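The block underneath contains the structure these notes are about, expressed in structure tokens.
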Amino acid sequence: MEYSAQFGESASQYVRSAYDIQSAIDGLAGNDLPRFTTAAGTLAKATKANVSDITSYFGSMYGIFRGQANEMGKARWVEMLAGQTAQAVQMFKTTGPEMSSAFESVGAEAQTMGIRLSEQMAILGNLQSTMSGSEAGTKYRAFLQGVGKAQSQLGLSFVDDSGKLLPMVQILEKIKGKFGDIDTLAESDTLKKAFGSAEASGFLKLMAG
1 MEYSAQFGES ASQYVRSAYD IQSAIDGLAG NDLPRFTTAA GTLAKATKAN
51 VSDITSYFGS MYGIFRGQAN EMGKARWVEM LAGQTAQAVQ MFKTTGPEMS
101 SAFESVGAEA QTMGIRLSEQ MAILGNLQST MSGSEAGTKY RAFLQGVGKA
151 QSQLGLSFVD DSGKLLPMVQ ILEKIKGKFG DIDTLAESDT LKKAFGSAEA
201 SGFLKLMAG
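Set out below in structure tokens:
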């Protein structure tokens, strides 16, 4: 009723959203379910999406970031996710559904490499200034899939002492330190060969700016 009064939505819609969230995410206990449901409804309003899209987004993101969510506490995690998503949508002039498409395209690739949610959100949001969410995710995933091979090809290290991938800005600084601005055909071809795809070299050219 409080949500309905604040946002002008029917209480029955809130209940349906809660049912969908309960079905998509296991182990919600205590106050987790209403906090998830309120976060979904609020984010939908903030990002010009419908609640069912955001509910699906939460389910997909929980599948990717399950470990972090369980460690933080599911309700706290989903409120962080909602806040970061809303901020990225505002900063990069995208939408909730487009951000959802971006993460679906990346899948768990970045998470398994230890890349924080906030960094993934910033990279995918940045790319969406010139392309769709799904294309942004495809380009980022191509980079991630090629980065291990590219280290030996380029003679650069993109990992820290513990073997985790460095933040994107540091990787770009290393590449620009070797090539300068990535603005020639020869440099593009070198990166394409090193990373194994035109998608990955295209990602680097876009992010380098």
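Counting in the numbering used here, the sequence shown runs from 1 upward without gaps.
Virtual Cβ for every residue (Gly too), placed ideally from N, Cα, C.
Just so we're clear, the structure is a prediction, and the values are computed from it rather than from any experiment.
Linking residue 140 to residue 149 through their CA atoms gives a straight-line distance of about 15 angstroms.
Excluding residues up to 5 positions away in sequence, 151 lie with their Cβ nearer than 7 angstroms to the Cβ of residue 157 in the same chain. Residue 57 counts as buried, since no fewer than 16 other beta carbons sit within 10 angstroms of its beta carbon. In the DSSP assignment, residue 209 falls outside any alpha helix (DSSP H), carrying neither H nor E.
Residue pairing of residue 159 in beta bridges, as defined by DSSP: 165. In the three-state scheme derived from DSSP, where H, G and I count as helix and E and B as strand, residue 123 is classed as helix. Judged by DSSP secondary structure, residue 64 falls within the alpha helix (DSSP H) whose first and last residues are 51–64. The beta carbon of residue 171 is closer than 6 angstroms to those of 158 in its chain, skipping five residues each way along the sequence. In the DSSP assignment, residue 22 falls within the unbroken alpha helix (DSSP H) covering 11–24.
For residue 74, the enclosing alpha helix (DSSP H) covers residues 74–92.
Between residue 114 and residue 48 a beta carbon distance of about 32 angstroms is seen, past the 8 angstroms cut, so the two are scored as non-contacting.
Residue 5: member of the alpha helix (DSSP H) spanning 2–7, first to last residue. Ranking 120, 101, 116 and 153 by CA distance to the CA of residue 131 puts 101 first. Non-local beta-carbon contacts of residue 35 in its own chain, meaning distances under 8 angstroms to residues more than five positions away in sequence, involve 75, 78 and 79 in chain order. Each residue's CA atom was taken as its position, placing residue 86 and residue 46 some 6 angstroms apart.
DSSP places residue 182 outside both helix and strand once states are collapsed to three, so it counts as coil. By the CB criterion at 9 angstroms, residue 93 and residue 129 fall inside the cutoff.
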